[in-house]
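Number of protein chains: 2
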Amino acid sequence: MIAASVIRDLQALLPASAVLTVREDVAPYASDGLSAYRCQPGVVVLPDTEAQVIAILRLCHAARVPVIARGAGTGLSGGALPREDAVLLGLAKFNRILRLDPLARTARVQPGVRNLAISEAAAPYGLYYAPDPSSQIACSIGGNVAENSGGVHCLKYGLTVNNVMRVRAVTMDGEALEIGSEALDSPGYDLLALMHGSEGMLAVITEVTVKLLAKPERAQVVLAAFDQVETAGAAVSAIIAGGILPAGLEMMDKPAIAAAEAFVHAGYPLDAAAILLVEVDGTNEEVSDAVLRVHDILAASGATEIRTANNEAERLKFWAGRKNAFPAVGRMSPDYYCMDGTIPRRALPAVLGGIADLSAQYGLRVANVFHAGDGNLHPLILYDASTPGELEKTEAFGAKILELCVAHGGTITGEHGVGVEKIDQMCVQFRPLELQAFHAVKAAFDPQGLLNPGKAVPSLHRCAELGAMHVHGGQLPHPELPRF
Amino acid sequence: MIAASVIRDLQALLPASAVLTVREDVAPYASDGLSAYRCQPGVVVLPDTEAQVIAILRLCHAARVPVIARGAGTGLSGGALPREDAVLLGLAKFNRILRLDPLARTARVQPGVRNLAISEAAAPYGLYYAPDPSSQIACSIGGNVAENSGGVHCLKYGLTVNNVMRVRAVTMDGEALEIGSEALDSPGYDLLALMHGSEGMLAVITEVTVKLLAKPERAQVVLAAFDQVETAGAAVSAIIAGGILPAGLEMMDKPAIAAAEAFVHAGYPLDAAAILLVEVDGTNEEVSDAVLRVHDILAASGATEIRTANNEAERLKFWAGRKNAFPAVGRMSPDYYCMDGTIPRRALPAVLGGIADLSAQYGLRVANVFHAGDGNLHPLILYDASTPGELEKTEAFGAKILELCVAHGGTITGEHGVGVEKIDQMCVQFRPLELQAFHAVKAAFDPQGLLNPGKAVPSLHRCAELGAMHVHGGQLPHPELPRF
Chain A
5 MIAASVIRDL QALLPASAVL TVREDVAPYA SDGLSAYRCQ PGVVVLPDTE AQVIAILRLC
65 HAARVPVIAR GAGTGLSGGA LPREDAVLLG LAKFNRILRL DPLARTARVQ PGVRNLAISE
125 AAAPYGLYYA PDPSSQIACS IGGNVAENSG GVHCLKYGLT VNNVMRVRAV TMDGEALEIG
185 SEALDSPGYD LLALMHGSEG MLAVITEVTV KLLAKPERAQ VVLAAFDQVE TAGAAVSAII
245 AGGILPAGLE MMDKPAIAAA EAFVHAGYPL DAAAILLVEV DGTNEEVSDA VLRVHDILAA
305 SGATEIRTAN NEAERLKFWA GRKNAFPAVG RMSPDYYCMD GTIPRRALPA VLGGIADLSA
365 QYGLRVANVF HAGDGNLHPL ILYDASTPGE LEKTEAFGAK ILELCVAHGG TITGEHGVGV
425 EKIDQMCVQF RPLELQAFHA VKAAFDPQGL LNPGKAVPSL HRCAELGAMH VHGGQLPHPE
485 LPRF
Chain B
5 MIAASVIRDL QALLPASAVL TVREDVAPYA SDGLSAYRCQ PGVVVLPDTE AQVIAILRLC
65 HAARVPVIAR GAGTGLSGGA LPREDAVLLG LAKFNRILRL DPLARTARVQ PGVRNLAISE
125 AAAPYGLYYA PDPSSQIACS IGGNVAENSG GVHCLKYGLT VNNVMRVRAV TMDGEALEIG
185 SEALDSPGYD LLALMHGSEG MLAVITEVTV KLLAKPERAQ VVLAAFDQVE TAGAAVSAII
245 AGGILPAGLE MMDKPAIAAA EAFVHAGYPL DAAAILLVEV DGTNEEVSDA VLRVHDILAA
305 SGATEIRTAN NEAERLKFWA GRKNAFPAVG RMSPDYYCMD GTIPRRALPA VLGGIADLSA
365 QYGLRVANVF HAGDGNLHPL ILYDASTPGE LEKTEAFGAK ILELCVAHGG TITGEHGVGV
425 EKIDQMCVQF RPLELQAFHA VKAAFDPQGL LNPGKAVPSL HRCAELGAMH VHGGQLPHPE
485 LPRF
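Chains as they are written, first to last, in the numbering used here: chain A, 5 to 488; chain B, 5 to 488.
Next up, the structure:
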């Protein structure tokens, strides 16, 4: 609970409509995209100027009240999960594009601007903003920075951190920092990278300057079918080894293909064990050349069928299956749980095998959809939340998948963040030493631990209670996870 | 001075040959590549195992003795400048390539391994390490991480931070951190980016895992002459706007052309006000296509002459002038001072004009050689150190150039770091707020301030004494620099 005096002080700072306290008003903020976790926020504030953000943070800092920043609420790891004793600071009103400079190819925007809205505003100049999380129609750029979001095209165009030049961010004590520059590199410690993926734990972002890219002249997609997942995995490595950097390189396994095909009729081969979608972009000549080379590599890698989209309509159809894979899987099962581990590309066959074994062991179906090019897996565990105990079993299965990723030299999250969802797996990923370094960095910005407490970085105490199930850098053999 | 007891303790830890105390033994360590600054180190230690590094740091931490890490000593901003009261920790003996994995395309190396040695070791597999500072034959990878080094090819292939996956680093209290992962992204705060460019202030690097890239099938260079520097600058923007990402995009002005031509007879047009060297790489087809497009853009941008290297020998000859520009300028003047500012590309004409004005004002000649594609200027100020007062005048001129870069939205360093050289300009680049954030990050790793004290980040007190000559983000008009 938040003291009535704090709420009165917030009401004095902000217009009446910007302070929500009534149960039905705050209810929509009770969860983000990880809707299995819910909590009523103590109060929701909706400022629309940086001065208000500063005032709110100073007030909360003085009163020692925790603050949780929230963008569009599309996050999948519970990074914006409220607390009853905390102020939920919604940034939805920060929705203006402040400046779009087509010559410098930059856009200065407020944090609540939707990812896709930036590309829409840049389109008249032939420009776009590259990172494209699948929630891009709804998710906001401030949240993208907080989670260092990726997307289908991040293999070629990088993560959010590679596409942002500057941010303004207000620390818990109400100071607005100017971070980054328009130059290639900025002197001093790399605070810009530090803000990316910090999950709202270091500062509240109030402005973001992103890079815009020229829209490629042409994009083309090649679809390849394989009769074994392992062969498909090897083809992924062969493409990269062949010096091709696809704009997208996606893989779907048999259950995912079946679900997608039943849903959008993309024309996927239903008998395939796995399909790859390889998109190349660039000038007309570059694309023609790359498509031929991709075709050759896929053929040499044992693809049982290779199709090239003949026109833009067919290209979009090929993608429609992949882009709708999550809702398609949703039709197969009352509920599904989307995991987000990352592994070195070479470990693809072994980890997929391990997931299949775990699926049998837990008695839960899995569909695999993933950014194969950068080793970012999205296993979807199918379950029924109305069956007692099945959610818990699903979460345990998911945790095992993440530990499997770590055991193969990967990480527990590719692009969805840690939040509350994967906080225990951080104990698997990191040793106490590295966790201590994280806590020290946190303390440099927020010594009282008031910004988004309990997210992203577990306490050493929590890890110790979990039995310090540490596997580091994949140096220990799968599947036995050591306990020490 | 370092207490005799500390030196005795160091001698007890290390073999006799690894602790240098005699004046003639420590003399070679008195400066790095910024040789105008010199200081005899109190003692030089040359460990060859991480365990020794840990023991040295623990000993110094307990005795409150500062430690300055040094790689190959090629740094140009005095980042490895010793102190009489500090231990100079040389990492030259850490010169082993620990593992080269051609399939995963990674190399795990010790920090003293030379930059070029990595590419040499990778060459049999058709691979190379992309960042190529001009000192790459001598500079070491640990120093590259500490300075976040770039090079001619960083426009396309990124800085060191974009090409390193993991580091091991020992903090001042002797704890070895494992930072980064082989995956695209790592959870937790981005300590990997934080280590890059931290100039030895946060931890001592003991191992680096770099990405290797496939050698492009072909590279080709186009040389273009312009009768105005401004036109050349506009052509740079036109190439990037045309969707071409050159592997290198370099510019030289008339004095630099004259010096280079007299030195290596590269065949440069001596009547040009500026030349551009545009290198494209990729597959044979891609390069053929890109060369034609570059040619068209250069012609449309008003180039007075365009030449394409007809063969590899001619390509290397075109580059020879650029690669030898610094020693070539060295033949024109007893001394020169190489600056390293970065500006947004659009500011090229204005900043070059400003440098010409300052040159007249200070009565010192300047040759401009730079990475035009990423706006990284290297103005070389010609002077004679034997003329009383000329070094001071040169340094004042150099400082003005950096302030000019900041006033145009640029930064005071592109790839050479801050070190001792540009520490006062950090007061120009940043407000006290951002400097406080840097100090807080420093304190998170090294609360006693024992690692490389006095470098990179100035104290607020120092900035206040300089008169807080703050220009931020280029929002204030050139040429009047505000004082407040």
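For each residue, glycine too, the CB sits at the ideal point set by N, CA and C.
Bridge-paired residues (DSSP) for residue i
i, result
"Pro383 (chain B)", "B:Asn372"
"Ala180 (chain A)", "A:Val174"
"Cys143 (chain B)", "Paired residues: none, contrary to the question."
"Ala73 (chain A)", "A:Leu93"
"Lys215 (chain B)", "B:Thr110"
"Asp339 (chain A)", "A:Tyr387"
"Asp105 (chain A)", "A:Thr110"
"Glu186 (chain A)", "Glu186 (chain A) pairs with nothing; no bridge assigned."
"Val355 (chain A)", "Per DSSP, none; premise fails for Val355 (chain A)."
"Gln224 (chain A)", "A:Val284"
"Val168 (chain B)", "B:Val214"
Chain A contact residues for residue i, given Cβ-Cβ distances below 8 Å
i, result
"Leu281 (chain B)", "Chain A residues near Leu281 (chain B): none, gap ~18 Å exceeds 8 Å."
"Ser39 (chain B)", "Per Cβ cutoff of 8 Å: no residues; Ser39 (chain B) is ~22 Å from chain A at best."
"Asp189 (chain B)", "Asn152, Gly154, Leu163, Gly201, Thr346, Thr415, Thr417, Gly418 and Glu419"
Partners in chain B for residue i, counting only beta-carbon separations shorter than 7 Å
i, result
"Ala227 (chain A)", "In the sequence under discussion, the amino acid at residue 227 (chain A) is Leu, which differs from the Ala named in the question. None at all; the shortest Cβ gap to chain B is about 23 Å."
"Tyr193 (chain A)", "Leu198, Ser202, Phe442 and Val445"
"Glu186 (chain A)", "Pro348 and Gly413"
Pair within 9 Å by beta-carbon distance, residue i and residue j
i, j, result
"Gly37 (chain A)", "Ser139 (chain A)", "yes"
"Ser185 (chain A)", "Gly414 (chain B)", "yes"
"Val113 (chain B)", "Val214 (chain B)", "yes"
"Ser202 (chain A)", "Ala150 (chain A)", "yes"
"Phe401 (chain B)", "Asn328 (chain B)", "no"
"Phe322 (chain B)", "Ala313 (chain B)", "yes"
"Asp13 (chain B)", "His200 (chain A)", "no"
"Leu50 (chain B)", "Leu17 (chain B)", "no"
"Glu419 (chain B)", "Gly154 (chain B)", "yes"
"Val424 (chain A)", "Pro259 (chain A)", "no"
"Pro220 (chain A)", "Thr287 (chain A)", "yes"
"Ala207 (chain A)", "Phe449 (chain A)", "yes"
"Val233 (chain B)", "Ala263 (chain B)", "no"
"Val422 (chain A)", "Ser81 (chain A)", "yes"
"Glu3 (chain A)", "Tyr341 (chain A)", "Residue coverage of chain A in this structure runs from 5 to 488, which leaves residue 3 (chain A) outside it and unanswerable."
"Glu211 (chain A)", "Val171 (chain A)", "yes"
"Leu352 (chain B)", "Ala389 (chain B)", "no"
"Val71 (chain A)", "Leu95 (chain A)", "no"
"Val47 (chain A)", "Leu24 (chain A)", "yes"
Under 7 Å by beta carbon: chain A residues contacting residue i
i, result
"Val433 (chain B)", "Per the sequence shown, residue 433 (chain B) should be read as Gln rather than Val. Pro191, listed in chain order."
"Val461 (chain B)", "Gly192"
"Leu107 (chain B)", "Arg350"
Chain-ordered neighbours of residue i on chain B, where CB pairs are closer than 8 Å
i, result
"Arg62 (chain A)", "Simply none; closest approach about 14 Å."
"Phe449 (chain A)", "Ala441 and Ala444"
"Met430 (chain A)", "Pro191 and Gly192"
Residue i: contacting residues in chain B (beta-carbon distance under 9 Å)
i, result
"Val422 (chain A)", "Pro191 and Gly192"
"Glu309 (chain A)", "In chain order: nothing, as chain B lies at least about 26 Å away."
"Glu179 (chain A)", "Leu437, Gln440 and Ala441"
Check your understanding: Got a sec: which bits of the segment 247 to 258 of chain A sit with their beta carbon under 7 Å from any beta carbon on chain B, in order along the chain?
Key -> Hits within the stretch, in order: Gly247.
**Study point:** Interface residues of the segment 377 to 389 of chain B facing chain A [CB-CB below 7 Å]
**Key:** Residues Asp378, Gly379 and Asn380.
Exercise for review: Check distances from the C-beta atoms of the segment 286 to 301 of chain B to those of chain A and list, in chain order, the residues that come in under 7 Å.
Suggested key: The segment 286 to 301 of chain B vs chain A, Cβ under 7 Å: Thr287, Glu289, Glu290 and Asp293.
Practice item. Taking only beta carbons into account, state which residues of the segment 351 to 380 of chain A come closer than 7 Å to chain B, listed in chain order. Key: Listed in sequence order: Asp378, Gly379 and Asn380.
Check your understanding: What are the complete alpha helix (DSSP H) segments, minimum 4 residues, inside the segment 231 to 304 of chain B?
Key -> Counting whole runs of 4 or more residues, the segment 231 to 304 of chain B contains the alpha helix (DSSP H) stretches 233 to 245, 258 to 268 and 288 to 304.
Practice item. Run through the segment 438 to 471 of chain B for me and flag every whole alpha helix (DSSP H) of 4 or more residues, listed as ranges in chain order. Key: Within the segment 438 to 471 of chain B, the complete alpha helix (DSSP H) runs of at least 4 residues are 464 to 469.
**Study point:** beta strand (DSSP E) segments (min. 3 residues) lying fully within the segment 27 to 71 of chain B
**Key:** List check, beta strand (DSSP E) in window: 47 to 49.
Check your understanding: Name the residues in the segment 217 to 245 of chain B whose C-beta lies less than 9 Å from a C-beta of chain A; which are they?
Key -> Of all residues in the segment 217 to 245 of chain B, the ones placed with a Cβ closer than 9 Å to any Cβ belonging to chain A are Leu217, Ala218, Lys219, Pro220, Glu221, Ser241, Ile244 and Ala245, in chain order.
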